[in-house]
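**Student:** Protein chains in written order, with our numbering: chain H, 2 to 313; chain A, 2 to 596. Can you keep this structure in mind? I'll have questions shortly.
And the structure:
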């Protein structure tokens, strides 16, 4: 039986009377990326801090590579790379000194440090900038540096809290590429973000948290199915004289939930994963299709549908 | 070469080596240190320069080579500078990661607190190296002037290094318990006072935890015409200083390794207490709170330690405390016995009417017993935030802090009581009687018409101290249930016991017997001595026949025992009630922390 790299088992955390996290369970296998989304105050950071051994769950447990965060947090830490949302740094250090400082903390020997620092700088595109002072870095480069620090000890599990926060589109694109590379290297990744297109693009699984509860979890298709947004929306343009006939034909097809006329277009909502049969039916009745487009529900729509904006 | 590399590796493997090197080798640091260093040296030379005709100065320059004198001034300046700058540099040991918001990152690196803190201490070597580097031009001057005694200079330099290490370790120790700024102020003040005292020309210099006694030795030797020649050789002063500073460093290191009892502090507390809403407001008001109390800090000091510590924490903590107490106690007893034994038979034998040593011996026994109990009261008590927590004792067995405290104190009380009674008997049988004297000479010595019963002094005096120690301990434990700070509880318990139990009954008794208006009142006269006997002070004065003629020669010590029994009972009842309430709070859910 393969052990999930990250196994969150029925975790609950309460502050006063406020339930920050309520019975959340998730699994992330090696090489997979879990995107964690939710409104502000949903409990994402609390959950990430619990997974990272920085907070203790009131009940439940988290196992990283089979080791419990409750029973052996020190051992868990050796497998874990946590990139916090905020950048904290000792003052007056260059990138290399900053990385050397943390490399020595991780117990990496003096001889190995140079090589390791070079590797992570390479991976995060910081090569050639090692002598730049940390305090003068742009937001994008700071995030890169934070990620480089997180990777120093080659952890098998990565916890990234808002890694793309404050980044411009190009930097976001580069960060996505780095995260995809890390996943292909076999690392299990949990990433929390408010930038839903990024999560949609890089995550294999997505968890939606609201008010400390996991309201939805699964891959995008599962989320669509569970959120009631799995239908495809197809837009068709046919000659105006064929409009009513086409609407009648399409309405009678199996899988078509609705067929409306909007702006001289036919808007069809279909439960079927393949839309070709709609075109085939129209062509069979010799109705010319002038324009065709189809859309899937995106993560933002799923998020809006499945959350009500409740916070803890 | 490999040995040199290994030695350098010690520092290079320090987690903060790179960072410290980066911080040290900067224009600002070098410039500021150079200015401060030269300032410190000039300040030391200034009094001499202002009054060059001063008799002592002239005597000094006539007796010492100027190169040697300047060498001493340089090392003195370096010591003075280190006294200020090392605590100041270490003030950021926890503050910087907290303000910089990277403490979590340190915790997640898995580094053990000991390695982290030792790294901070060893990094002070770099600072000392910088100081010595900045002194190079002065050293060249010293060499040019000539007269430097190399062996003494190098020995003094070693002491300065040891002093820097000691300062760093003590600062780290204090930083675990106090706000770093407060720790810095206390350390700088304390070290400055000790440095000052270390310069004083005592025939026997007890303040050997700074390099100054060794630095000043050459000066006092040189000006021996002034009549302040030290009675000890340089080597013995050097050895005393090295031993003194090594002991303090060792104790600090052990304290850093043990750390405070943080694992039992709740996640989000203000003082480490059980958390309630509104704590954050109090946090703003009280800046002198224990500062290591946040989850990441607690995690750092507990979870990142070795398995042995985490599994056998109770045994290691209480065992170390007991061991230290027993070692100190045994050392004190051994020293006393050896001092008194060395005096035999020349000074003690015989049957002179006033055998002062008997009196002194019994007093010493009581002092050691009493001081040992005071230390035990402090070591084996914990404030309300920790007292009912359970922690791993040994091999996974868990025990409550309060139980470990009680067992620890009671064990020491028994050992100390047995020693305080047993040592005089042993000394009497093995040393005094064979030497032609006796430690229990019956009722030989008579003062003010009363006879001293040394057997009673030895046994009952010890028992009085033991009972009083138990009462103070319970008072301390009771007050600890209401306070967050053990030192606060200790001061309160001591003041209460001293004032209410020791002084007031004695004062009342003495006043009743001395004030003329009360002398005619037969009831007062009859009862006043009994009231006074509630105080352990009165009991001791009575046992040693020092009460004076106003007091009757025959008194019962029952009021003392009665008073103590009532207090012990009262403390136990209050503790029981308090503990019920406190245990409920321990089980209460935590509040959210607002930073």
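Using N, Cα and C, we set each Cβ at its ideal position, and we do this for glycine too.
Which runs of the alpha helix (DSSP H) at least 4 residues long sit entirely within the stretch 75-153 of chain H? Give them in chain order.
**Tutor:** 96-106, 111-124, 140-152
**Student:** Closer than 7 Å between beta carbons: that is the criterion. Which residues of the stretch 137-169 of chain H meet it against chain A?
**Tutor:** none
**Student:** For the beta strand (DSSP E) that residue 401 of chain A lies in, which residues bound it at each end?
**Tutor:** As a working mapping, residue 401 of chain A is identified with position 400 in the second chain. Residues 398-401.
**Student:** Excluding the five sequence neighbours on either side, which residues of its own chain have a C-beta within less than 7 Å of the C-beta of residue 376 of chain A, listed in chain order?
**Tutor:** Against the second chain, residue 376 of chain A aligns to sequence position 375. Same-chain partners within the cutoff: 326.
**Student:** Cβ of residue 100 of chain A within 8 Å of Cβ of residue 38 of chain A?
**Tutor:** Residue 100 of chain A sits at position 99 when you count from the first residue of the second chain. Residue 38 of chain A sits at position 37 when you count from the first residue of the second chain. In terms of Cβ geometry, residue 100 of chain A and residue 38 of chain A do not form a close pair [threshold 8 Å].
**Student:** Do the CB positions of residue 122 of chain A and residue 166 of chain A come within less than 8 Å of each other?
**Tutor:** Taking the second chain and counting its residues from 1, the one referred to as residue 122 of chain A is at position 121. Taking the second chain and counting its residues from 1, the one referred to as residue 166 of chain A is at position 165. Residue 166 of chain A sits close to residue 122 of chain A, with the two beta carbons spaced by under 8 Å.
**Student:** Anything in chain H within Cβ reach of residue 18 of chain A, meaning under 8 Å, just list it in chain order.
**Tutor:** Along the second chain, read from residue 1 onward, the residue named residue 18 of chain A stands at position 17. Those are 105, listed as they occur along chain H.
**Student:** Straight-line CA distance for residue 111 of chain H to residue 79 of chain H?
**Tutor:** Locating residue 111 of chain H in the first chain gives position 110, counting from the first residue. Locating residue 79 of chain H in the first chain gives position 78, counting from the first residue. So the two alpha carbons sit approximately 18 Å from each other.
**Student:** When you check each C-beta in the stretch 67-83 of chain H against every C-beta of chain A, which residues fall closer than 7 Å?
**Tutor:** 74, 75, 78, 79, 81, 83
**Student:** Which of the three DSSP states is assigned to residue 208 of chain H in this structure?
**Tutor:** Counting from 1 along the first chain, the entry for residue 208 of chain H is found at position 207. Residue 208 of chain H: strand per DSSP, three-state reduction.
**Student:** Should the stretch 221-237 of chain H be regarded as contacting the stretch 286-301 of chain H, the criterion being three or more beta carbon pairs within less than 8 Å?
**Tutor:** Counting Cβ pairs under 8 Å, three or more are found: they touch.
**Student:** Cβ of residue 68 of chain H within 7 Å of any heavy atom in the ligand COA?
**Tutor:** The ligand COA is absent from the structure shown, which contains no ligand whatsoever.
**Student:** Under a Cβ-count criterion, where at least 16 other Cβ atoms within 10 Å of its own Cβ denotes burial, should residue 305 of chain A be classed as buried or exposed?
**Tutor:** Here residue 305 of chain A corresponds to residue number 304 of the second chain, with the count starting at 1. The residue is buried, with at least 16 neighbouring Cβ atoms inside 10 Å.
**Student:** Quick check on residue 297 of chain H: does DSSP put it in helix, strand or coil?
**Tutor:** For the purposes of this step, residue 297 of chain H is identified with residue 296 of the first chain, where counting begins at 1. Secondary structure at residue 297 of chain H: coil, using DSSP grouped into helix, strand and coil.
**Student:** Which value, in whole angstroms, describes the spacing of the CA atoms of residue 509 of chain A and residue 526 of chain A?
**Tutor:** Taking the first residue of the second chain as 1, we reach residue 509 of chain A at position 508. Taking the first residue of the second chain as 1, we reach residue 526 of chain A at position 525. C-alpha separation (whole angstroms): 11 Å.
**Student:** DSSP beta-bridge partners for residue 64 of chain H?
**Tutor:** Taking the first chain and counting its residues from 1, one reaches residue 64 of chain H at position 63. Partner(s): H:8, H:69.
**Student:** Taking C-beta to C-beta, are residue 207 of chain H and residue 38 of chain H nearer than 8 Å?
**Tutor:** In the first chain, residue 207 of chain H corresponds to position 206, counting from 1. In the first chain, residue 38 of chain H corresponds to position 37, counting from 1. Result yes, Cβ atoms of residue 207 of chain H and residue 38 of chain H sit closer than 8 Å.
**Student:** Quick one: measure Cβ to Cβ for residue 106 of chain H and residue 113 of chain A, integer angstroms, because I've assumed they're closer than 8 Å.
**Tutor:** By one-based count along the first chain, residue 106 of chain H stands at place 105. By one-based count along the second chain, residue 113 of chain A stands at place 112. In fact, because the Cβ distance is near 10 Å, the residues do not count as touching under 8 Å.
**Student:** With DSSP collapsed to three states, give me the class of residue 305 of chain A.
**Tutor:** Here residue 305 of chain A refers to the residue found at position 304 when the second chain is read from its first residue. Reduced to three states, the DSSP call for residue 305 of chain A is coil.
**Student:** Residue 101 of chain A versus chain H: which residues are under 9 Å apart at the beta carbon?
**Tutor:** Position 100 of the second chain holds residue 101 of chain A. Going along chain H in sequence order, the residues near residue 101 of chain A (Cβ under 9 Å) are 89, 90, 91, 92.
**Student:** Residue 84 of chain A and residue 168 of chain A - do their beta-carbons sit closer together than 8 Å?
**Tutor:** Reading the second chain from its first residue, position 167 is the one you call residue 168 of chain A. Reading the second chain from its first residue, position 83 is the one you call residue 84 of chain A. Yes, the Cβ-Cβ distance between residue 168 of chain A and residue 84 of chain A is below 8 Å.
**Student:** Roughly how many angstroms lie between the CA atoms of residue 26 of chain H and residue 235 of chain H, to the nearest whole one?
**Tutor:** Along the first chain, one-based indexing puts residue 26 of chain H at 25. Along the first chain, one-based indexing puts residue 235 of chain H at 234. The alpha-carbon atoms of residue 26 of chain H and residue 235 of chain H are separated by roughly 36 Å.
**Student:** Would you tell me roughly how many angstroms separate the C-alpha atoms of residue 406 of chain A and residue 152 of chain A, rounded to the nearest one?
**Tutor:** Walking along the second chain from the start, residue 406 of chain A turns up at place 405. Walking along the second chain from the start, residue 152 of chain A turns up at place 151. Going from the Cα of residue 406 of chain A to the Cα of residue 152 of chain A covers about 49 Å.
**Student:** Which partner residues of residue 161 of chain H appear in the DSSP bridge assignment?
**Tutor:** Reading the first chain from its first residue, position 160 is the one you call residue 161 of chain H. Answer is H:84, H:192, bridged to residue 161 of chain H.
**Student:** Residues of chain H with a CB under 8 Å from the CB of residue 24 of chain A: which are they?
**Tutor:** Sequence index remark: in the second chain, residue 24 of chain A carries index 23 (1-based). Going along chain H in sequence order, the residues near residue 24 of chain A (Cβ under 8 Å) are 93.
**Student:** Hey, residue 196 of chain H and residue 204 of chain H: beta-carbon distance below 8 Å or not?
**Tutor:** The residue you call residue 196 of chain H lines up with position 195 of the first chain. The residue you call residue 204 of chain H lines up with position 203 of the first chain. No, the Cβ-Cβ distance between residue 196 of chain H and residue 204 of chain H is not below 8 Å.
**Student:** From residue 567 of chain A to residue 474 of chain A, what does the alpha carbon distance come to, in whole angstroms?
**Tutor:** Within the second chain, residue 567 of chain A is the residue found at index 566, counting from 1. Within the second chain, residue 474 of chain A is the residue found at index 473, counting from 1. One C-alpha to the other measures close to 14 Å.
**Student:** Less than 8 Å between the CB atoms is what I'm expecting for residue 77 of chain H and residue 12 of chain H, so what's the real figure, rounded?
**Tutor:** Stepping through the first chain from its first residue, residue 77 of chain H is reached at position 76. Stepping through the first chain from its first residue, residue 12 of chain H is reached at position 11. The Cβ separation is near 14 Å, so there is no contact.
**Student:** Is there a Cβ from chain H that is less than 8 Å from the Cβ of residue 181 of chain A?
**Tutor:** Translated into positions along the second chain, residue 181 of chain A becomes position 180. Taking Cβ atoms only, chain H never reaches closer than 8 Å to residue 181 of chain A, which makes this a no.
**Student:** According to the neighbour-count rule (16 or more other Cβ atoms, all chains shown, within 10 Å of its Cβ), is residue 117 of chain A buried or exposed?
**Tutor:** Numbered from 1 along the second chain, position 116 holds the residue referred to as residue 117 of chain A. Buried: at least 16 other Cβ atoms inside 10 Å.
**Student:** Near residue 486 of chain A, what residues of its chain come up, given a Cβ to Cβ distance below 7 Å and the 5 sequence neighbours on each side ignored?
**Tutor:** On the second chain, residue 486 of chain A is found 485 positions in, with the first residue counted as 1. Excluding residues within five positions, the ones whose Cβ falls inside 7 Å are 384.
**Student:** Strictly below 8 Å CB to CB, what residues from chain H border residue 401 of chain A?
**Tutor:** As a position in the second chain, residue 401 of chain A is number 400, starting the count at 1. Ordered by position in chain H, no residue passes the 8 Å Cβ test against residue 401 of chain A, which lies about 21 Å from the chain.
**Student:** Would you mind giving the Cβ-Cβ distance between residue 617 of chain A and residue 76 of chain A, rounded to the nearest angstrom? I have them listed as a contact below 8 Å.
**Tutor:** Outside the modelled stretch of chain A, which goes from 2 to 596, sits residue 617 of chain A, for which no answer is possible.
**Student:** Beta-carbon of residue 272 of chain H versus every beta-carbon of chain A: anything under 8 Å?
**Tutor:** Your numbering for residue 272 of chain H matches position 271 in the first chain. No, residue 272 of chain H does not count as interfacial toward chain A.
**Student:** On the CB-based measure, 16 or more other CB atoms within 10 Å of its CB, does residue 105 of chain A come out buried or exposed?
**Tutor:** Working through the second chain from its first residue, we reach residue 105 of chain A at position 104. Buried, by the Cβ-count rule.
**Student:** For residue 266 of chain H, which residues does DSSP report across the bridge?
**Tutor:** One-based indexing of the first chain puts residue 266 of chain H at position 265. The partner list for residue 266 of chain H (beta bridge, DSSP) reads H:263.
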